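Working notes, structure below.
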Amino acid sequence: MSETVLIPTDGGAMPAHLWLPASGTGPGVALMQEIFGISGYIERRARHLADLGYVVLAPEIYWRLGPGATAPIEGPDALQEGVARSGAVDWDAAVADGAATVQSLRDREDVTGGVGLVGFCFGGGLAFAVAAALETQDPAQPVDALVSYYGSALPGLVEHHRVGAPSLHHFGLADDFIPVETVRRIEATLTLQPETAIMTYAGANHAFDNGDMPWFHAQASELAWSRTAHFLADRLQKSTGASS
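With the UniProt record's numbering applied, the sequence shown closes on residue 244, and no number is skipped along the way.
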């Protein structure tokens, strides 16, 4: 079960959702939403991460759009509404809000070990941009891990931003929004950066991890999540004090 917390930003107090592990303490994960907001799917993944021992903080990235903008997007027109709402976001402000989320985790006494970023779709690209921005601000304080699922903004980001933190990227090879040729270009660019792994999944479409969407691919979802869990455990649970 989550609780709502407020994160200070340059634009005011941003609402966010906090999940704690059973132990009450653990490494931190800043969870970046997909275009549908903090949906039931994002909440489930947050609980899964908390069950793995992480303190999870998911910011309401749409909060700057005004009252009602943070309501989860559902229903038959969800895709169109999600695209429209995400397109209205001030990208630089969203990156700053993501960075504030990471800092909020670093400041918490119940966060031990490292602090990482996990993002899906819109949030996958945002997580990458946040990691890059944090390294630019302070090269001595990068995030300890980055996991991006089919980051929709990555095609426009990878040639201009560098992320030195250990990174894991998941892409479906049947993605209607990110063609295979683009995935391969992203792979060629990102693998020039240290400790970066690109995992691809044959037959998997965009949003293959979201069980509430028609593109859900059970086999790819299970395999990608297993890889994510192992990656985070290796990078965050061993990073004691790295993000303090």
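Just so you know, even glycine gets a beta-carbon here, dropped at the ideal spot from N, CA and C.
Bear in mind the structure is a predicted one, so any value in this text is a computation, not a measurement.
Residue i burial status per 10 Å Cβ neighbour count (16 or more: buried)
i, result
"G53", "buried"
"A88", "exposed"
"T101", "buried"
"A153", "buried"
"A132", "buried"
"G125", "buried"
Span separating the alpha-carbon of residue i from that of residue j
i, j, result
"H230", "E159", "28 Å"
"Y150", "T191", "16 Å"
"E135", "A94", "16 Å"
"A220", "F208", "7 Å"
"V180", "D10", "38 Å"
"E34", "A129", "14 Å"
"H48", "C121", "18 Å"
"residue 281", "F36", "With the chain represented from 1 up to 244, any question about residue 281 goes unanswered, as that position is not in the structure."
"H161", "H217", "30 Å"
"T182", "P155", "7 Å"
Nearest-angstrom Cβ-Cβ length linking residue i and residue j, presumed shorter than 8 Å
i, j, result
"R45", "A69", "Incorrect: roughly 21 Å between the Cβ atoms, too far for contact."
"T112", "P27", "7 Å"
"T200", "F171", "5 Å"
"L117", "A30", "5 Å"
"Y41", "D212", "5 Å"
"I61", "D92", "Actually they are not in contact, since the Cβ atoms of I61 and D92 sit about 13 Å apart, beyond 8 Å."
Beta carbon of residue i nearer than 7 Å to that of residue j
i, j, result
"H17", "A50", "no"
"V147", "T228", "yes"
"G114", "M32", "no"
"A145", "L79", "no"
"D110", "T25", "yes"
Any non-hydrogen atom of the ligand FMN within 6 Å of residue i CB
i, result
"V95", "With respect to the ligand FMN, the structure offers nothing, as it holds no ligand at all."
(request) Starting from the N-terminal side, write out each stretch of the alpha helix (DSSP H) that is 4 residues or longer and does not extend beyond the region 115-158. (result) 122-137 and 154-157
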